[in-house]
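For the working numbering, add 6 to where a residue sits in the sequence shown, where the first one is 1.
Okay, structure first, notes after.
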Amino acid sequence: MKMKKITAMALACVMALGLAACGGTSSSTGTSADSAAPASSTGTAAEPCDLVVAWWGSQGRNEKFQSALDLYAEQNPGVTIESQTNGFSDHLTALSAAAASNDMPDMAMLQGAYYQQYVDGDLLVDLTPYVESGALDLSNVSEEILAATTIDGKLYGICAGMNAPSLIYNKTLLDEAGITIEDNMNLDQFAEKCAEIYEKTGYRSFISNPATMIEALVRGEGKILFETDKLGVESAEELQPYFALLERGREEGWLMDYSLTVGLDATEEQPIIYGTTPETSSWCSFFYSNQADAMQQAAPEGIELALTTWPLEKPKESNYLREAMSWCIPNQGGNIDQAVALLNWWINSPEANEIIMAEPGVPASSEAAKAIEPNLSDIQKKIFTYINDVITPNCSPANPPAGAGSSEVTSLITDLEEKVYYGEITAEAAAQELFEEGNRIMSEAAAQ
7 MKMKKITAMA LACVMALGLA ACGGTSSSTG TSADSAAPAS STGTAAEPCD LVVAWWGSQG
67 RNEKFQSALD LYAEQNPGVT IESQTNGFSD HLTALSAAAA SNDMPDMAML QGAYYQQYVD
127 GDLLVDLTPY VESGALDLSN VSEEILAATT IDGKLYGICA GMNAPSLIYN KTLLDEAGIT
187 IEDNMNLDQF AEKCAEIYEK TGYRSFISNP ATMIEALVRG EGKILFETDK LGVESAEELQ
247 PYFALLERGR EEGWLMDYSL TVGLDATEEQ PIIYGTTPET SSWCSFFYSN QADAMQQAAP
307 EGIELALTTW PLEKPKESNY LREAMSWCIP NQGGNIDQAV ALLNWWINSP EANEIIMAEP
367 GVPASSEAAK AIEPNLSDIQ KKIFTYINDV ITPNCSPANP PAGAGSSEVT SLITDLEEKV
427 YYGEITAEAA AQELFEEGNR IMSEAAAQ
């Protein structure tokens with residue numbers, strides 16, 4: 007199978023066209039869902055074709071996904087599959103560029119926050135008719151999971167793995183220092199723990215995923231950060247706690263030097279993994295539960311990682327289960343039915359799931375999850391336990407897909423985070439700018 011790389015220069019040229027330019031140009035030559043034959047979980051019903059599948063992830067994910075696709079092609083003579091793999095940000099850039107040039111892959115990975123812009127551009131296939139025809143078997147996938155990729159009553163994606171926000175930490179380091187971590191810390195407790203760890207080990211704290219962290223904190227007050235045409239808060243003060251945590255860490259000395267975190271994309275590059283000294287390492291990373299697997303695989307020999315919850319004031323209201331990522335079917339290609347057949351196999355085939363082994367998170371299909379559970383690695387067992395025992399009993403429904411403008415606001419939050427990290431602005435000023443500019447961005451995006 008051919009591995010396709012898109013050069014940065016080509017991307018820059020195509021990106022100039024803009025995602026919005028392709029809203030009305032998409033087309034499909036695939037047969038309709040009503041006439042599609044139900045696809046078996048082994049993929050034997052697939053028609054000969056050339057498919058392109060795109061995703062982001064670590065080298066470990068790439069190897070597992072590629073092995074699964076190789077098996078599908080082996081089981082379906084005449085089907086060839088080209089893989090497009092990148093880091094997260096490069097994947098999004100490549101996907102947007104492909105949309106602008108009417109050349110999107112047949113099956114692509116997305117996160118919930120990015121669905122709305124592709125739906126608004128009329129770029130994704132509504133999978134509902136395929137479910138109704140039996141071509142896409144979701145009988146073992148719960149409605150709660152499907153809700154995350156359902157927009158205006160139409161199903162645009164299928165969860166590739168369930169996860170939850172998690173603080174992934176170096177358990178070996180903390181055990182040696184005699185430090186224990188408890189679930190459901192609040193912000194003050196977390197800051198105190200960071201100070202203790204820095205004092206005893208010299209390791210600083212890497213705090214990241216700012217938009218998602220702010221969103222979780224706002225959820226604690228029963229609010230949604232990204233509403234249709236505005237931010238779902240009444241004042242800038244409600245946006246300040248995350249920035250205040252960064253400010254406290256910088257002032258007390260336990261916050262990691264931001265310059266060591268710039269440009270990180272691959273799992274293997276995270277400070278919890280690659281740091282060679284306490285000054286260049288972090289004891290923790292703010293990620294999602296599924297990423298603990300790739301991190302453990304990339305960790306130096308002898309290092310054991312573990313998971314706990316993000317520091318939140320109201321864990322039950324703030325915590326949630328969500329799709330780690332999900333698969334969608336763009337409508338620009340001529341192989342829609344064949345792509346649906348591959349997606350059906352990916353979700354339901356025991357063989358596929360035994361290869362993937364929950365790398366993107368707990369499988370969406372309850373039957374697939376049961377099938378692989380006996381063969382999970384130690385870190386995967388921790389992930390399943392975290393999802394089933396820590397988060398599931400103590401969480402609230404996930405937010406609906408974010409409205410137009412949310413990705414631009416997310417970029418703004420990242421810029422503000424950097425300024426607070428460096429001490430260029432105060433937490434209060436960052437929150438005020440986010441409140442004013444965020445509302446403007448959301449309002450203008452909704453009006454377009």
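We put the CB at the ideal spot given by N, CA and C, even for glycine.
Every value quoted in this text rests on a predicted model; they were computed, and no experiment measured them.
Residue i versus residue j: straight-line alpha-carbon distance, rounded
i    : j    : result
R446 : T283 : 43 Å
E80  : T234 : 45 Å
E443 : A433 : 15 Å
C401 : P83  : 45 Å
N190 : T315 : 6 Å
E221 : L348 : 34 Å
L57  : Q123 : 24 Å
R67  : C55  : 24 Å
Y264 : W61  : 28 Å
A436 : E53  : 54 Å
E379 : K387 : 8 Å
Y78  : F292 : 34 Å
T48  : A358 : Because the pLDDT of T48 is 42, which lies under 50, any placement of that residue in the model is unreliable, and the number read from its coordinates should be weighed accordingly. Answer to the nearest angstrom: the Cα atoms are 9 Å apart.
E365 : A375 : 12 Å
M448 : D181 : 45 Å
T86  : K177 : 43 Å
S64  : G228 : 34 Å
T420 : Q117 : 18 Å
A119 : E285 : 34 Å
Beta-carbon gap between residue i and residue j smaller than 7 Å
i    : j    : result
L311 : Y392 : no
L193 : P317 : yes
S371 : N146 : yes
V426 : E150 : no
L327 : M219 : no
G238 : L245 : no
C165 : E329 : yes
N92  : A105 : no
Residue i at chain C interface by Cβ criterion, 7 Å
i    : result
G411 : No chain C appears in this structure, which consists of one protein chain only.
Range of the contiguous beta strand (DSSP E) that encloses residue i
i    : result
N169 : I164 to N169
Y294 : C290 to Y294
N215 : Element bounds for N215: n/a, residue is neither H nor E.
M301 : No beta strand (DSSP E) holds M301; the alpha helix (DSSP H) holding it covers Q297 to A304.
Q90  : V85 to N92
T314 : L311 to T314
A370 : It is not in any beta strand (DSSP E) - A370 carries neither H nor E in the DSSP assignment.
7 Å CB neighbourhood of residue i in its chain, flanking five on each side removed
i    : result
Y5   : Residue 5 lies beyond the residue range present for the chain, which begins at 7 and ends at 454; the question has no answer from this structure.
G36  : Annotation note: pLDDT 35 at G36 (below 50); position unreliable, coordinate value reported separately. G340, N341, I342 and D343, listed in sequence order.
G469 : Absent from the structure is residue 469, since the part of the chain shown begins at 7 and ends at 454.
E202 : I185
V396 : D189 and T315
T134 : K160 and L161
From the options, residue whose alpha carbon lies closest to that of residue i
i    : options                   : result
P321 : L116, A345, R225 and N146 : R225
A377 : G159, S383 and M363       : M363
D384 : P369, A298 and T398       : A298
Y204 : G184, F71, S324 and E357  : G184
E258 : D96, S265, K199 and N108  : K199
K236 : E365, N394 and S412       : S412
S287 : D126, E307 and L266       : L266
E307 : L179, P369, S211 and E319 : L179
S214 : S241, A453 and I278       : I278
I309 : K70, L75 and I174         : I174
T273 : L251, L261 and N296       : N296
E243 : M448, S449 and E439       : E439
F71  : N108, D109 and A114       : A114
L130 : C334, T207 and P356       : C334
P171 : S139, K177, V137 and A217 : A217
F196 : E275, I361, W260 and L75  : W260
N405 : Y136, L152, D96 and D76   : L152
D76  : N381, V368, I361 and P399 : I361
E69  : T86, Q90 and Y136         : Q90
R210 : G281, P369, A141 and A119 : G281
N354 : S107, N108, A304 and A141 : A141
Y248 : E319, N325 and N350       : E319
For residue i, the first and last residue of its enclosing alpha helix (DSSP H)
i    : result
D126 : Y121 to D126
A433 : A433 to A453
I335 : Element bounds for I335: n/a, residue is neither H nor E.
W351 : I342 to N354
V415 : S412 to Y428
L57  : Counting along the chain, L57 falls outside any alpha helix (DSSP H), though it belongs to the beta strand (DSSP E) covering C55 to W62.
A153 : E149 to A153
A114 : Counting along the chain, A114 falls outside any alpha helix (DSSP H), though it belongs to the beta strand (DSSP E) covering M113 to L116.
K387 : D384 to T391
Neighbourhood of residue i by C-beta, 6 Å cutoff - its chain only, sequence neighbours within 5 removed
i    : result
A451 : A410 and G411
W352 : A358
Cβ neighbours of residue i in the same chain (closer than 8 Å, five flanking residues each side left out)
i    : result
I431 : L422, K425 and E439
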